[in-house]
Amino acid sequence: RELEDRKEKTNGHITGGMRPGKKIIVMGIVNPEPDSTLEKTCSKFLACGCGTVDEAPPTDVALELCAKFEDLQFLRKACVSGTWGDAEKLIPYFPFIEDQPFRYDIIFMCNWK
Numbered sequence: 001r002e003l004e005d006r007k008e009k010t011n012g013h014i015t016g017g018m019r020p021g022k023k024i025i026v027m028g029i030v031n032p033e034p035d036s037t038l039e040k041t042c043s044k045f046l047a048c049g050c051g052t053v054d055e056a057p058p059t060d061v062a063l064e065l066c067a068k069f070e071d072l073q074f075l076r077k078a079c080v081s082g083t084w085g086d087a088e089k090l091i092p093y094f095p096f097i098e099d100q101p102f103r104y105d106i107i108f109m110c111n112w113k
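Once you know that position 38 of the sequence shown is 38 in full-length UniProt numbering, the rest is easy, because the numbers rise by one and skip nothing.
What follows is the structure in structure tokens.
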């Protein structure tokens, strides 16, 4: 019951939309006792975009972050125009510890030429 009380889903609006220079700060605690097969393999803690998570892929999801404790991987992937890109996996170290708080800053930059 205590873990269920700590679980929280948040929907919000980014005033002015996302643009270069904007930042999203994600803070939380990774669930040490996942309650689904998907969560056991991948503790997904952020999906940014519009639409619903029931769609495959969800409409206009821009970014999805997933911590895989089994493989010590932190996957980041994006969906553009309804198509998922390859997951980025390379990180110098695995930054998460089960049942410990984390903070993840996402800074939006434009590198289009």
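Glycine residues also receive a C-beta, built at the ideal position from the N, C-alpha and C atoms.
| Query | Result |
| --- | --- |
| Pick from E64, I24, G28 that is closest to D86, judged by C-alpha positions | E64 |
| Rounded separation between E98 and L72 - CA only | 11 Å |
| Through-space distance from A78 to W84, alpha-carbon basis | 6 Å |
| Own chain residues within Cβ distance below 6 Å of F102, not counting five before or after | F96 |
| F74, buried or exposed, once every other Cβ within 10 Å from all chains shown has been counted against 16 | buried |
| 8 Å contact criterion, which I24 and I106 should meet: CB distance rounded | 4 Å |
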